[in-house]
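Here the working numbering is used: the first residue of the sequence shown is 4, the next is one more, and so on.
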Amino acid sequence: MRYIPGIHGLQPRRKTLAQRAYLSVLIPAHRKALTSLLVFSCPRQRYRPRILREWRLCHFCKIAVEDEIHALLRCTIAPGLAELRGLFLADTYAACPMLVDTWDRLDDEDRLACLLQLSILDSRLAQYVHLVLELFRAAPVYVPPLSLWYTPF
């Protein structure tokens, strides 16, 4: 658990054998999306050679490396994502007013850590993660030129 100044109520998730709050999200698709975020589950591109991380660019902006933080908190090019993020943050601020003062002082890694540790936000975050993943799954994957693929093992 990260310590984030000004945010109280962060729940440590260190117990090995315990019911996790995110597992009580009622909608299965939302629960699966949040679980895949927590365990970093991404579809494997088995039939393609390995691609270096710096060439795994965003489906939409094709500038930044697409990772969880970029998709959930940074990308502004994806159609509808900025509005979706705005609605999610407004809902988050209403549920957890202490975030309003602290949010702008946090870097993106701490923002995501904070969202994951506040159990009051689990269902809201699960829905948001599900919608963002659906948005990114619907877009064609950026495939770098063949000359940039990396395959040594």
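Glycine included, C-beta positions come from ideal geometry on N, C-alpha and C.
None of the values given here were measured: they were computed from a predicted structure.
Asked, Found
"Whole alpha helix (DSSP H) elements within the segment 45 to 101, 4-residue minimum", "84 to 98"
"Burial state of L37 (16 or more Cβ within 10 Å)", "buried"
"Beta-carbon separation (whole angstroms), C117 vs L109, contact threshold 8 Å", "7 Å"
"Own chain residues within Cβ distance below 7 Å of R59, not counting five before or after", "V68, E69"
"Status (buried if at least 16 other CB within 10 Å, exposed otherwise) for V42", "exposed"
"6 Å Cβ shell around L128 - same chain, five flanking residues per side excluded", "L118"
"CA nearest to the CA of A32, picked from L84, E86, S126", "S126"
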